[in-house]
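Novice: Before anything else, here's the structure in question.
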Amino acid sequence: RSEEKAAAAAALKPSVKVGGRFFYDVADFSQNQASLNQVGDAEDEMRLRWCWIELGGNVLENTTYRVWFDVAAQVSLLDVYLDFGELPFIQNFRVGHFFEPFSMEQLTPNKYLETMERSSPFLLGRNMGIMAHSDNAEANWTYGVGLFVSEQGSKPPFYEGDTDASAITGRVTYLPWYDEASDGRGLIHLGAGYSWRHLGDGNTQFQNRPDSALAPVIVNTGLIDADYYHLAGLEAAYVYGSFTLQSAYHWVSVDTDNFGSESFDHYYVQASYFLTGENRSYNRRSGSFSNRVVPYENFFRVRTEDNYICNGLGAWELAYRFSHDDLNSDNIFGGTDYRHLAGLNWYLSPFTRVMFQYVYSNTDDQVASNGELHVFQTRLQFDF
Amino acid sequence: RSEEKAAAAAALKPSVKVGGRFFYDVADFSQNQASLNQVGDAEDEMRLRWCWIELGGNVLENTTYRVWFDVAAQVSLLDVYLDFGELPFIQNFRVGHFFEPFSMEQLTPNKYLETMERSSPFLLGRNMGIMAHSDNAEANWTYGVGLFVSEQGSKPPFYEGDTDASAITGRVTYLPWYDEASDGRGLIHLGAGYSWRHLGDGNTQFQNRPDSALAPVIVNTGLIDADYYHLAGLEAAYVYGSFTLQSAYHWVSVDTDNFGSESFDHYYVQASYFLTGENRSYNRRSGSFSNRVVPYENFFRVRTEDNYICNGLGAWELAYRFSHDDLNSDNIFGGTDYRHLAGLNWYLSPFTRVMFQYVYSNTDDQVASNGELHVFQTRLQFDF
Amino acid sequence: RSEEKAAAAAALKPSVKVGGRFFYDVADFSQNQASLNQVGDAEDEMRLRWCWIELGGNVLENTTYRVWFDVAAQVSLLDVYLDFGELPFIQNFRVGHFFEPFSMEQLTPNKYLETMERSSPFLLGRNMGIMAHSDNAEANWTYGVGLFVSEQGSKPPFYEGDTDASAITGRVTYLPWYDEASDGRGLIHLGAGYSWRHLGDGNTQFQNRPDSALAPVIVNTGLIDADYYHLAGLEAAYVYGSFTLQSAYHWVSVDTDNFGSESFDHYYVQASYFLTGENRSYNRRSGSFSNRVVPYENFFRVRTEDNYICNGLGAWELAYRFSHDDLNSDNIFGGTDYRHLAGLNWYLSPFTRVMFQYVYSNTDDQVASNGELHVFQTRLQFDF
């Protein structure tokens, strides 16, 4: 009996895969006087941006788990969840700490983004919660809807308070066109998301940096006294071979204590092109570009089976993004900015990438107009 | 020679198993006015209680090691030890940071406890030290005795001081009855423990929460100036099929600087019953319920070999515990409490458990009498 | 196409090896009155010195990576790098956070040092940078040269500042004699290193402890206002069977703001002998003793194939080191010290070592002369 039980337990034992990723960033800044007045001197910086340790696997046949944490500075938790699959009606059910289902940009893993940082000041990040979601690799649609803690104390992920700090967030995506034959080298993606967020602590804040985690904050509403806010988003993407066009619009309306309803918004338009012929890799499970880009040839020499030496270029990708933040409302003046980003990404292998990026940002706030901040940044990225 | 040596080294290479566990807790509280006066408002809370990363394995034939740490907040170290086995006379010898050999409740891994938290305010936790202990899966007794650092500075585990902050701790257990045929579905366990603790820093403190890590402290002696204290414990458990009865009594006597010898105590009585027929799984190596409970059927659908779909309930367990703390002595008035705990545990699989728990605690202290605190808490637990 | 790509990606998937190491240290101190005046009372201490988690592996055929971090206290990052190999001319190229190429003592992994701590106050440690280096297991020379961030902010590894805080560091080693037949049981190693370091923050500091991480600092220049400094080193080692002799000289010249050029130096001479016949294991890739010592017999009993029980002693090694720090210059008076270290190392297995060590240090500084500090320390070391 005991041996049978032990054997049965062993057969069902959770699998464990250990992985990780690290990103090294270097950024230089150049500013005009208006920008200096707005944000002070942006000092050049070199930094280990992320150093993630990733544990995950399967338990039984249809449940997956993740324990991911960052050790670049203090330990901070990333995905820590259980995901139950193959459920009737809802397909999947996830419990833990993970990304709320909002924004294709957010749901694209950072290691697969065309750019070093995401664009929107309204991303929700990871929160504690529960989520129903689809998970079908052959569907032309996805959905996700969940209940989350809308704000968190300091680490560990927790919320304490007798008031209700909860959020309801949902997203649907649809593919009017998906070219099966080429495995997604042609597709049109449409999506919409919405989040209703009650603020237990009675305030919220929106801010953004110029497409660089090492740059200073350029627009910032400061703390806004409010009990809840609405966030809505629309997104679209178009892939045609090596070319990708992608755009999103985010709109926020905050029910403030002092001024009534105040609204802010953001949009971006982004294009990328693989000079070496590869394509962004769309994942129909998640409705985002969350599959790995595999270069046709690695940069490193590899010896083929018939003993030739193959000396590849790696994959090379051009990227451009225009984005615009408007954090001014009728009574709150967080500033506005627009940004041009130009990038060149070199995939040495499926696991190693070097990114070169230039950003021009132009900010208007209550201090000055046309604050110009130029960012020159480089990243070495590796994941395993 | 060098290749031989390399081969020999490889053959002896330590094995490495990577695992972990995470617990998500939600607790709501309700209090009467006396409790509000005693402990203030207990705010509802949601928290990642633990997130452990567990490395461990074997080296050579008879030595095991563990490096376990928690990353839920800051990194904190759990088990970090080497355990040498198959030694003459003493059987095993352990060096490092690990649980002192005291209290069945303490030595039961948190993932296998019937309740979300342990009951006693006098548990010793993990400390740096050395321990001789038995490790025999077929014996009807166990022993453990060790020398430990009786107190620690802040992290990393260390002690600094010219005074001696050491403790001697021991525990013996005995099984007057153990049903081999059913692999322990019937047993009687008896145990006793003792610790003598010299306090290098010249003080100690005892406190407790009402069976919930998210609840406030309800009884608390405050710092007691003292040079050493004695801790004694008695424990018993009875398993009959799916039914388990378990109890322990802890008694502390502190040689205080100001009042002479002052004593405190604690006891609990705990019962549990598996509605679905499983049983608590006793481990004769450690003298505690530290083996995994494997549900007869998992909650998830599993497809059997002959292609039927088997739709199991998982395992369901009822638990009840009465406990009592007395932190009042002749001259120190830390308060007294008694608690009723009722719990329902649902094992979805051997690795996943959801716990529902209600606790009623009644506290008398110098501020008020009959402070009533009700705890409603839920846990999602997963380990891999 | 997609399956081919997936298969190709899988074939190239990075390998992941998980390992670690932990060191437990206990140190007792004894001081004369002069030492008490100099450094105060050195309190006895017990400490988890290190607890490293080590992830690493290969990607493609010629690239290796490491993500190592310490969790003994807060998380702190150790090696986090990518190393590209088999490159024309330079052989290897490394990017990330790793040891600068200076000093055989520094480049010997702590788990393979004869002593518990390194000797020199001028070691550079790990820094962010890039390095070209050789990596040839059969060469009689090595080189390494790199560009590094010469100072770092607090964690995470980063540097922020518009001034240039960079360092150029290089090292070459040469083996005039290496006995191939015995795999290095006879060799002569010579090496030289140099580092030019620009100080972005405008100051630097040198200090040292008496061969014990748990002891107080005994010599200390304090902060020196300076823009750059030079560091040079010479090293030599001689292995003859079980006997090893090793020495290094480090010399620093600081271009101070207030006094012009000020210089400090350090040297040590170290001998070790394996009573049980093993030898220090030189690694020709790195030009240091960074290969594992494998005892001829493990301490633990092992059962041989023909069923005899073999009861080995483990390996036993004697070590002695004389070292001298001179942190006095014309205008800066950090103190001078000399130290005698006597050690006995017991290798229970290739992975487990117990170290016993006595250090006598004699310090002269501006407070007192002939401050005598005696250190009695023990370490339990394990790696996996």
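As they're listed, the protein sequences go chains Y, Z and B. Read in our numbering, the first sequence has 325 at position 325, and its numbers run on one by one without any break. With positions in the second sequence counted from 1, the corresponding number in our numbering is that position plus 1000. With positions in the third sequence counted from 1, the corresponding number in our numbering is that position plus 2000. Using N, Cα and C, we set each Cβ at its ideal position, and we do this for glycine too.
Taking B/Leu-2348 as the reference, which of B/Ala-2315, B/Ser-2212 and B/His-2198 has the closest Cα?
Specialist: Within the third sequence, the letter at position 348 stands for residue 2348 of chain B. The shortest C-alpha separation from B/Leu-2348 is found at B/Ala-2315.
Novice: Just by C-beta distance, which residues in the stretch 1070–1099 of chain Z are closer than 8 angstroms to chain Y?
Specialist: Against chain Y - using a Cβ distance shorter than 8 angstroms - the residues of the stretch 1070–1099 of chain Z are Val-1071, Ala-1072, Ala-1073, Gln-1074 and Val-1075.
Novice: Just checking: is the beta-carbon of B/Glu-2317 within a distance shorter than 8 angstroms of some beta-carbon in chain Y?
Specialist: Counting from one through the third sequence, the residue named residue 2317 of chain B turns up at place 317. It does not: the Cβ of B/Glu-2317 has no partner Cβ on chain Y nearer than 8 angstroms.
Novice: Just to confirm, is the Cβ distance from B/Tyr-2249 to B/Gly-2277 under 8 angstroms?
Specialist: Taking the third sequence and counting its residues from 1, the one referred to as residue 2249 of chain B is at position 249. Taking the third sequence and counting its residues from 1, the one referred to as residue 2277 of chain B is at position 277. No.
Novice: Please check the pair Y/Phe-322 and Y/Tyr-268, which I expect to be a contact at CB under 8 angstroms, by giving their CB distance rounded to whole angstroms.
Specialist: As a working note, residue 322 of chain Y is residue 322 in the first sequence. As a working note, residue 268 of chain Y is residue 268 in the first sequence. Yes, Y/Phe-322 and Y/Tyr-268 are in contact; Cβ-Cβ is about 7 angstroms, under 8 angstroms.
Novice: DSSP three-state call for Z/Glu-1105: helix, strand or coil?
Specialist: Here residue 1105 of chain Z is taken as the residue at index 105 of the second sequence, counted from 1. Note: Z/Glu-1105 maps to helix in three-state DSSP.
Novice: Mind listing, in chain order, the continuous beta strand (DSSP E) runs of no fewer than 3 residues lying wholly within the stretch 165–247 of chain Y?
Specialist: Here the runs fully enclosed are 166–178, 186–198 and 224–240.
Novice: Do the stretch 1057–1065 of chain Z and the stretch 2023–2037 of chain B touch if we need at least three Cβ pairs shorter than 8 angstroms?
Specialist: The answer is no - the stretch 2023–2037 of chain B does not touch the stretch 1057–1065 of chain Z, with fewer than three Cβ pairs under 8 angstroms.
Novice: Classify Z/Glu-1180 as buried or exposed, calling it buried when 16 or more other Cβ atoms lie within 10 Å of its own Cβ.
Specialist: Reading the second sequence from its first residue, position 180 is the one you call residue 1180 of chain Z. So Z/Glu-1180 counts as exposed.
Novice: Quick one, which of Z/Ala-1072, Z/Gly-1144 and Z/Val-1075 has its alpha-carbon nearest Z/Phe-1089's?
Specialist: Position 89 of the second sequence, counting from 1, holds the residue named residue 1089 of chain Z. Nearest C-alpha to Z/Phe-1089: Z/Gly-1144.
Novice: Put B/Tyr-2282 into one of helix, strand or coil per three-state DSSP.
Specialist: By 1-based counting over the third sequence, the position of residue 2282 of chain B is 282. In the structure shown, B/Tyr-2282 sits in coil (DSSP, three-state: anything other than H, G, I, E or B).
Novice: When burial is assigned at 16 or more other CB atoms within 10 Å of the CB, is Z/Asn-1331 buried or exposed?
Specialist: Locating residue 1331 of chain Z in the second sequence gives position 331, counting from the first residue. Exposed, by the Cβ-count rule.
Novice: Kindly indicate which residue of Y/Asn-291, Y/Leu-327, Y/Thr-352 and Y/Leu-373 has the alpha-carbon position closest to the one of Y/Phe-122.
Specialist: The residue labelled residue 122 of chain Y in the question sits at position 122 within the first sequence. If we check each option's Cα against that of Y/Phe-122, Y/Leu-327 comes out closest.
Novice: Using a cut-off of 9 angstroms between C-beta atoms, extract the partners of B/Glu-2160 located in chain Y.
Specialist: Reading the third sequence from its first residue, position 160 is the one you call residue 2160 of chain B. By Cβ distance, chain Y contributes Glu-43, Asp-44, Glu-45, Met-46, Arg-47 and Leu-214.
Novice: Mark Z/Tyr-1068 as exposed unless 16 or more other C-beta atoms lie within 10 angstroms of its C-beta, in which case mark it buried.
Specialist: The residue given as residue 1068 of chain Z occupies position 68 in the second sequence. The identity of residue 1068 of chain Z in the sequence shown is Trp, whereas the question assumes Tyr. Label assigned to Z/Trp-1068: buried.
Novice: Going by the beta-carbon positions, is the gap between Y/Glu-117 and Y/Asp-211 smaller than 8 angstroms?
Specialist: By one-based count along the first sequence, residue 117 of chain Y stands at place 117. By one-based count along the first sequence, residue 211 of chain Y stands at place 211. Yes, these two residues count as a Cβ contact at 8 angstroms.
Novice: Spell out whether any CB of chain Y is found under 8 angstroms from the CB atom of Z/Asn-1298.
Specialist: Here residue 1298 of chain Z corresponds to residue number 298 of the second sequence, with the count starting at 1. By this cut-off, Z/Asn-1298 is an interface position.
Novice: Quick one, which of Y/Ser-361, Y/Val-367, Y/Pro-350 and Y/Val-39 has its alpha-carbon nearest Y/Gln-381's?
Specialist: On the first sequence, residue 381 of chain Y is found 381 positions in, with the first residue counted as 1. Of the candidates Y/Ser-361, Y/Val-367, Y/Pro-350 and Y/Val-39, the one whose C-alpha sits nearest the C-alpha of Y/Gln-381 is Y/Pro-350.
Novice: What three-state label does DSSP hand Z/Tyr-1112 in the structure shown?
Specialist: As a working mapping, residue 1112 of chain Z is identified with position 112 in the second sequence. Helix, per DSSP.
Novice: Do three or more CB pairs link the stretch 2368–2379 of chain B to the stretch 2024–2031 of chain B at distances below 8 angstroms?
Specialist: Short answer: they touch.
Novice: Using 8 angstroms as the Cβ pair cut-off and three pairs as the minimum, do the stretch 1221–1236 of chain Z and the stretch 1183–1193 of chain Z touch?
Specialist: Yes: at least three Cβ pairs fall under 8 angstroms.
Novice: Give every residue of the same chain whose Cβ lies closer than 6 angstroms to the Cβ of Z/Val-1059, excluding the five residues on either side of it in the sequence, and list them in chain order.
Specialist: Counting from 1 along the second sequence, the entry for residue 1059 of chain Z is found at position 59. Answer for Z/Val-1059: Pro-1014, listed in chain order.
Novice: Measure the Cβ-Cβ separation of Y/Ser-182 and Y/Ala-165 and say whether it is below 8 angstroms.
Specialist: Position 182 of the first sequence, counted from the first residue, corresponds to residue 182 of chain Y. Position 165 of the first sequence, counted from the first residue, corresponds to residue 165 of chain Y. No, they are not a contact pair.
Novice: Among residues of its own chain, excluding the 5 on either side of Y/Val-80, which ones have a beta-carbon nearer than 6 angstroms to its beta-carbon?
Specialist: Against the first sequence, residue 80 of chain Y aligns to sequence position 80. Only Val-67, Gly-96 and His-97 meet the Cβ criterion.
Novice: List the residues of chain Y whose Cβ lies closer than 8 angstroms to the Cβ of Z/Ser-1349, in chain order.
Specialist: As a working note, residue 1349 of chain Z is residue 349 in the second sequence. In chain order: Leu-12, Val-59, Leu-60 and Thr-63.
Novice: Taking 7 angstroms as the limit between beta carbons, can you name the residues of its chain near Y/Val-71, skipping five residues before and five after?
Specialist: On the first sequence, position 71 is the one that residue 71 of chain Y refers to. So the qualifying residues of the chain are Cys-51 and Ile-53.
Novice: Buried or exposed: where does B/Asp-2135 fall if 16 or more other Cβ atoms within 10 Å of its Cβ makes it buried?
Specialist: For this step, residue 2135 of chain B is matched to residue 135 along the third sequence. That one is buried.
Novice: Please list the partners that Z/Leu-1055 has in chain B, where partner means a Cβ-to-Cβ separation under 9 angstroms.
Specialist: Counting from one through the second sequence, the residue named residue 1055 of chain Z turns up at place 55. In chain order: Val-2018, Gly-2019, Gly-2020, Ile-2053 and Phe-2384.
Novice: Buried or exposed for Y/Tyr-240, please, with buried defined as at least 16 other CB atoms from any protein chain shown within 10 angstroms of its CB.
Specialist: The residue labelled residue 240 of chain Y in the question sits at position 240 within the first sequence. Y/Tyr-240 should be labelled exposed.
Novice: Is Z/Asn-1279 near Z/Arg-1185, with beta carbons less than 8 angstroms apart?
Specialist: Taking the first residue of the second sequence as 1, we reach residue 1279 of chain Z at position 279. Taking the first residue of the second sequence as 1, we reach residue 1185 of chain Z at position 185. Yes, Cβ-Cβ distance for Z/Asn-1279 and Z/Arg-1185 is below 8 angstroms.
Novice: Any beta carbon of chain B sitting closer than 8 angstroms to that of Y/Tyr-240?
Specialist: Within the first sequence, residue 240 of chain Y is the residue found at index 240, counting from 1. No, because no Cβ of chain B sits closer than 8 angstroms to the Cβ of Y/Tyr-240.
Novice: According to DSSP, what are the bridge partners of B/Leu-2087?
Specialist: Taking the first residue of the third sequence as 1, we reach residue 2087 of chain B at position 87. Per DSSP, B/Gln-2091.
Novice: The alpha helix (DSSP H) that contains Z/Ser-1272, what's its start and end?
Specialist: Within the second sequence, residue 1272 of chain Z is the residue found at index 272, counting from 1. Per DSSP, Z/Ser-1272 belongs to no alpha helix (DSSP H); it is in the beta strand (DSSP E), 1260–1274.
Novice: Return yes when the Cβ of Y/Glu-43 is within less than 8 angstroms of the Cβ of B/Asp-2162, no when it is not.
Specialist: On the third sequence, residue 2162 of chain B is found 162 positions in, with the first residue counted as 1. On the first sequence, residue 43 of chain Y is found 43 positions in, with the first residue counted as 1. Yes; because the gap between Cβ atoms is below 8 angstroms, this pair is in contact.
Novice: Could you check if Y/Leu-48 is buried or exposed, using at least 16 other CB atoms within 10 Å of its CB as the buried criterion?
Specialist: Residue numbering aside, residue 48 of chain Y sits at position 48 when the first sequence is read from its first letter. It counts as buried.
Novice: Please tell me whether Z/Asn-1140 and Z/Tyr-1112 are closer than 8 angstroms, where the distance is taken between their beta carbons.
Specialist: The residue given as residue 1140 of chain Z occupies position 140 in the second sequence. The residue given as residue 1112 of chain Z occupies position 112 in the second sequence. It is not a contact, given that the beta carbons lie outside the stated cut-off.
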